[in-house]
Amino acid sequence: MATLALDPRLSTVTASFVNGKHSMLIDGQFVSAASGKTFPVYNPADGEVICEVPEAEAADADRAVRAARKAFDSGPWSKMTPSERSRMIWKLADLFEQHAEEFAELESLDNGKPVSVARVADVPLAVDLFRYMGGWSTKLLGNTIPLSAGLNFHAYTMREPIGVVAQIIPWNFPLLMAAWKLGPALATGCTVVLKLAEQTPLSGLRLAELIQEAGFPAGVVNILTGFGEGAGAPLAQHDLVDKVAFTGSTEVGKLIAKAATGNLKKVTLELGGKSPAIIFPDADMDVAIAGAASAVFFNQGQCCCAGSRLLAHDSVFDQVVEGVSNIAGRIRMGPGLDPATELGPLVSQEQFERVTGYIDSGTKQGAKIAAGGKRHTDRGYFVQPTVIKDVKPDMKVVEEEIFGPVVTAQSFSTDADLERLAAQANDTIYGLAASVWTRDISTAHKMARKIRAGTVWVNCHNVFDAALPFGGYKQSGWGREMGAEVLNNYTELKAVTIKL
Ligand code: NAI
Ligand code: MG
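The numbers in numbering that gives the first Met the number 0 rise by one with no breaks, and the one at position 148 of the sequence shown is 147.
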């Protein structure tokens, strides 16, 4: 394959990785797709092809699942002690950290996000996730349980790995999503087939090399590149898979849940959101306005928990809309690899069209653009940070996940009690997250109780930690990722009863 001209800002080590031949990891080997097919990867900053990667299909998915099955059922993995598993995960984290700058560059090139953000958010959070999860291998405990069935019983529970896990991830945080998925699976002793997002396969393929270097036995981690229907669907259906963990659209989440019914494999889903950022009049306005802007513009708005519905008290509404709009107007847009860039392009042409389509639907339905609203430059997939006001609750821009740097602003009234405000905040099919901006500690706690979402942030938004469980109420998903809670989603609980 011809070497393509890459952004000169890339380090030589990253450029040579991108220009190299890309292979998938199956059963401890780097391989092409069985069909030999490949597909292109695009640079979101200019729309040019940067490389080709293998296009996995059902045959490859099947090979990978069988390798994971063998590694789980009879491989050395299941015979390792918890402490040996911990150390291997920590070794991976160390290797990963040593190559942090390379991963930040890959993530920026592939997804479009600012390299400055990848350096301080995506990469260190992913490293930390592996460290945190590595510590859990030795702490998967059961209970002893006194039985009323009789005193001559001794009963206890134990946690066992769920088995072979298929993991399907999106493109918004390619590396971090891989870590959220792989970390708990490896800590609990599962084996994995991970399918990367077709838009952003590069950092996951580089991670595959480090997984090999760290010494994981063949078949424990298999990594596929391919499309949803071609490679994802066969994994979700596969009878030898014990669990499927998915992050992506609610629409595909429902398809995954259906596909899983064949063998009733366990399912966890981390899906869409339409999270409110709620600003009370007593908030520190500078903090709240800057916070509301970053709640939605962070990662070009391509966050499942983006604060995409701004709800501001009517006494501060104009000030908030003006403040967020001013910030939107000042944000520096450019290619992710430019160190000065604050907001990069969207990930793909498809996402560009989806987001600009939503902005158009808003104006057609009578909403007003307070800031942005247009494409930025005619190359690449850039959309200006956009604030939409004069919206009604039944407009598409208010109801549906846009997944771009677009926020709708609505006010709430002084006479609204918290009950009515919470109903407004909860008026969505989703329930992933919310932020509340106030100096009143009672308001903060009361709202935290009333909001039907898996995460409530107070005077902050988009704060993640490996120790904090994350996931959705309602149509935002099933189960939790991270924290101690995720371990329950990767283990089966066995009750053992002994008659003495
Ligand atoms: P998607 O849900 O189609 O893709 C996510 C992953 O699922 C990718 O790896 C894809 O290959 C795979 N996939 C797609 N169809 C599949 C199928 N039938 N069976 C198995 N796997 C399948 O999301 P897409 O199309 O990239 O984005 C569409 C919208 O979804 C976005 O605009 C956004 O609203 C939402 N989204 C939400 C994310 C989140 O973090 N919750 C992440 C990405 C997208
Ligand atoms: Mg899709």
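All residues carry an ideal CB built from backbone N, CA and C; glycine is no exception. Note that the coordinates shown come from a computational prediction; the quantities given were computed from them, not determined experimentally.
- Leaving out five residues on either side along the sequence, give the residues of the same chain with a beta carbon under 7 Å from the beta carbon of Phe381. Met332, Pro344, Arg374, His375
- Item | Reference Ser34; option with closest CA among Tyr41, Arg62, Pro43 | Arg62
- Message: Which runs of the beta strand (DSSP E) at least 3 residues long sit entirely within the stretch 210–285? Give them in chain order.
- Response: 220–223, 242–246, 265–269, 275–278
- Nearest-angstrom beta carbon gap, Glu484 and Gly225 [assumed within contact, 8 Å]: Actually they do not touch by this definition, with Cβ atoms about 30 Å apart.
- Indicate the three-state DSSP secondary structure (helix, strand or coil) for Trp170 in the structure shown. coil
- Task: Name, in chain order, the residues that DSSP records as bridge partners for Gln28.
- Result: Ile25
- Whose C-beta lies closer than 6 Å to the C-beta of Val495 among residues of the same chain, with five residues either side of it excluded? Tyr155
- Query: Hey, is Lys194 close to ligand 1, as in C-beta under 8 Å from one of its heavy atoms?
  - Reply: yes
- In chain order, what residues of the same chain lie with their CB nearer than 6 Å to the CB of Val397, ignoring the 5 residues before and after it? Val390, Thr407
- Determine the direct distance from the alpha carbon of Leu499 to that of Leu431, and round the result to whole angstroms. 48 Å
- Query: With distances taken from CA atoms, which of Glu480, Ala287, Val455 is nearest Arg438?
  - Reply: Ala287
- Query: Which residues in the same chain have their Cβ closer than 7 Å to the Cβ of Lys69, if we skip the five residues on either side of it in sequence?
  - Reply: Gly218
- Relative to the alpha-carbon of Ala232, which residue among Leu193, Gln211, Val220, Thr199 has its alpha-carbon at the smallest distance? Leu193
- Task: Return the Cβ separation of Lys445 and Glu159 in integer angstroms, given the expectation that the two are a contact with Cβ distance under 8 Å.
- Result: Their Cβ separation, rounded to whole angstroms, is 41 Å, which puts Lys445 and Glu159 out of contact at 8 Å.
- Message: Considering only their Cβ atoms, is the gap separating Met79 from Met188 smaller than 9 Å?
- Response: Note on identity: in this sequence residue 188 is Gly, with Met being the wrong assignment. Result yes, Cβ atoms of Gly188 and Met79 sit closer than 9 Å.
- Task: Please name the residue or residues paired with Thr385 in a DSSP beta bridge.
- Result: Val405
- Query: My guess is that Asp72 and Thr199 are in contact by the Cβ rule of under 8 Å, so how many angstroms apart are they, rounded?
  - Reply: Not quite, the Cβ-Cβ distance comes to about 32 Å (not below 8 Å), so this is no contact.
- Query: Span of the alpha helix (DSSP H) holding Ile440?
  - Reply: 440–449
- In or out: Cys304 buried (at least 16 other Cβ within 10 Å) or exposed? buried
- So does Gly231 have its beta carbon nearer than 8 Å to some heavy atom of ligand 1? yes
- Message: In this structure, how does DSSP classify Pro39 when only helix, strand and coil are distinguished?
- Response: strand
- Message: On the criterion of 16 or more Cβ atoms from any shown chain inside 10 Å, does Ile168 qualify as buried, or is it exposed?
- Response: buried
- Query: Sorry if obvious, but does the Cβ on Gln383 come closer than 8 Å to a heavy atom of ligand 1?
  - Reply: no
- Item | Any non-hydrogen atom of ligand 2 closer than 8 Å to Gly356 Cβ | no
- Using beta-carbon positions only, say whether Val435 and Thr427 come within less than 9 Å of one another. no
- Query: Since Thr454 is in the alpha helix (DSSP H), which residue starts that stretch and which ends it?
  - Reply: Note, Thr454: premise wrong, no alpha helix (DSSP H); beta strand (DSSP E) at 454–457.
- Do the stretch 133–143 and the stretch 352–359 touch if we need at least three Cβ pairs shorter than 8 Å? no
- Item | Distance, Tyr472 Cα to Pro429 Cα | A small correction: the amino acid at residue 429 is Tyr; Pro does not occupy that position in the sequence shown. Taking the straight line from one Cα to the other gives about 7 Å.
- Item | C-alpha gap between Gly470 and Lys265, whole angstroms | 16 Å
- Query: If you count every other CB in all the chains shown that lies within 10 Å of the CB of Lys273, and 16 or more means buried, which is it?
  - Reply: buried
- Message: Can you list, in chain order, the residues of its chain with a C-beta nearer than 7 Å to that of Asn42? Leave out the 5 residues immediately preceding and following it.
- Response: Ile49, Leu108
- Query: So, is Ser412 buried or exposed, given that buried needs 16 or more other C-beta atoms within 10 angstroms?
  - Reply: exposed
- Query: For Leu204, which three-state DSSP category applies?
  - Reply: helix
- Distance between beta carbons of Thr246 and Gly271, contact taken as under 8 Å: In fact, because the Cβ distance is near 10 Å, the residues do not count as touching under 8 Å.
- Item | Tyr155 - DSSP class collapsed to helix/strand/coil | strand
- Query: Taking just the CA atoms, how far does Lys20 sit from Asn425?
  - Reply: 48 Å
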